[in-house]
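Heads up: the structure comes next, in structure tokens.
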Amino acid sequence: TEEVRAVYLGVLDYGTETSANKDNFIHRFYADGEEIVRIMQTSVSADPETHKILRPKVFLAYNIFKGGKVDSEDRVERLVLPENLPLLGERPIYYSDLDFNCHLNNAVYGDILMDFLPSEMRQQSMKHIHISYVSESKLGETLKIYGGYIENGDFVLYGDHERGLSFSAKVQLHEKNWL
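Take the sequence shown: its position 142, counted from the start at 1, is 319 in this note's numbering, and no numbers get skipped.
The structure is reproduced here in structure tokens:
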């Protein structure tokens, strides 16, 4: 465990572990013994020439992960979005947003989410952020961003481009505000 300084000006304990079948890495942050952030990392492999995503079994060749089925609590589920969310705005894809494969860099989706969150939500500590990458966004495209609160108080947001859904996201707030 290592020490990490956080916005709330306290000390966080940080731990990393693999899931039961070692297909995902789970990063956890604790404050005062309570888990305040959990990040699950899943990985994909792409052919460097065609940029096509390869089947998950290619990871087995690296002897990093075990094969097998992912436990239900370790699965990353696709978000189910309510219909008729209002249009919040548009976001063009700029050259500086691109990754090595000339697609919108995964980190930029988080920036877009934060840019379109209601300001009152950005002032609170977030317990859970879930981003599903559905279809790559490319230079020159414009994402139409839709979003709103759902019944349980979470905020959902998604971005569409001319080819369909690009990404979806959900933010859940902490009951205790750490900011």
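Beta carbons are placed, not taken as given, at the ideal position from N, Cα and C, and that holds for glycine.
Every value quoted in this text rests on a predicted model; they were computed, and no experiment measured them.
Own chain residues within Cβ distance below 7 Å of residue i, not counting five before or after
| i | result |
| --- | --- |
| Glu313 | His280, Leu281 |
| Asp274 | Leu281, Asn282, Val285 |
| Lys315 | Ile270, Cys279, His280 |
| Gly266 | Phe293, Ile322 |
| Arg340 | Ser312 |
Of the listed residues the options, nearest to residue i (C-alpha basis)
| i | options | result |
| --- | --- | --- |
| His305 | Leu316, Glu260, Leu264, Gly287 | Gly287 |
| Arg255 | Leu350, Ser345, His351, Gln349 | Ser345 |
| Arg299 | Ile270, Tyr271, Leu350 | Leu350 |
| Asp337 | Ile327, Glu318, Tyr326, Glu328 | Glu318 |
| Glu328 | Pro225, Glu260, Glu211 | Glu260 |
| Phe277 | Tyr326, Gly325, Thr227 | Thr227 |
Outcome for residue i when other beta-carbon atoms lying within 10 angstroms are tallied against a minimum of 16
| i | result |
| --- | --- |
| Gly257 | Reading off the sequence, residue 257 comes out as Val, not Gly. Val257 is exposed by the Cβ-count criterion. |
| Phe332 | buried |
| Tyr272 | exposed |
| Ser343 | buried |
Limits of the alpha helix (DSSP H) - the one that residue i falls within
| i | result |
| --- | --- |
| Leu290 | 283 to 293 |
| Ser296 | 296 to 299 |
Range covered by the beta strand (DSSP E) that runs through residue i
| i | result |
| --- | --- |
| Glu267 | 264 to 269 |
| Ser345 | 341 to 350 |
| Asp337 | 332 to 338 |
| Thr319 | 319 to 326 |
| Tyr310 | 303 to 310 |
Test: residue i CB closer than 8 Å to a CB of chain D
| i | result |
| --- | --- |
| Gly287 | Here chain D cannot be found, since the structure has a single protein chain. |
Neighbourhood of residue i by C-beta distance below 6 Å, restricted to the same chain and skipping five residues each side
| i | result |
| --- | --- |
| Val348 | Met303, Ile306, Phe332 |
| Ala223 | Ile230 |
| Tyr335 | Leu258, Tyr323, Ser345 |
Cβ neighbours of residue i in the same chain (closer than 8 Å, five flanking residues each side left out)
| i | result |
| --- | --- |
| Leu264 | Lys321, Ile322, Tyr323 |
Three or more C-beta pairs under 8 Å: does that hold for the segment 288 to 302 against the segment 224 to 235?
no
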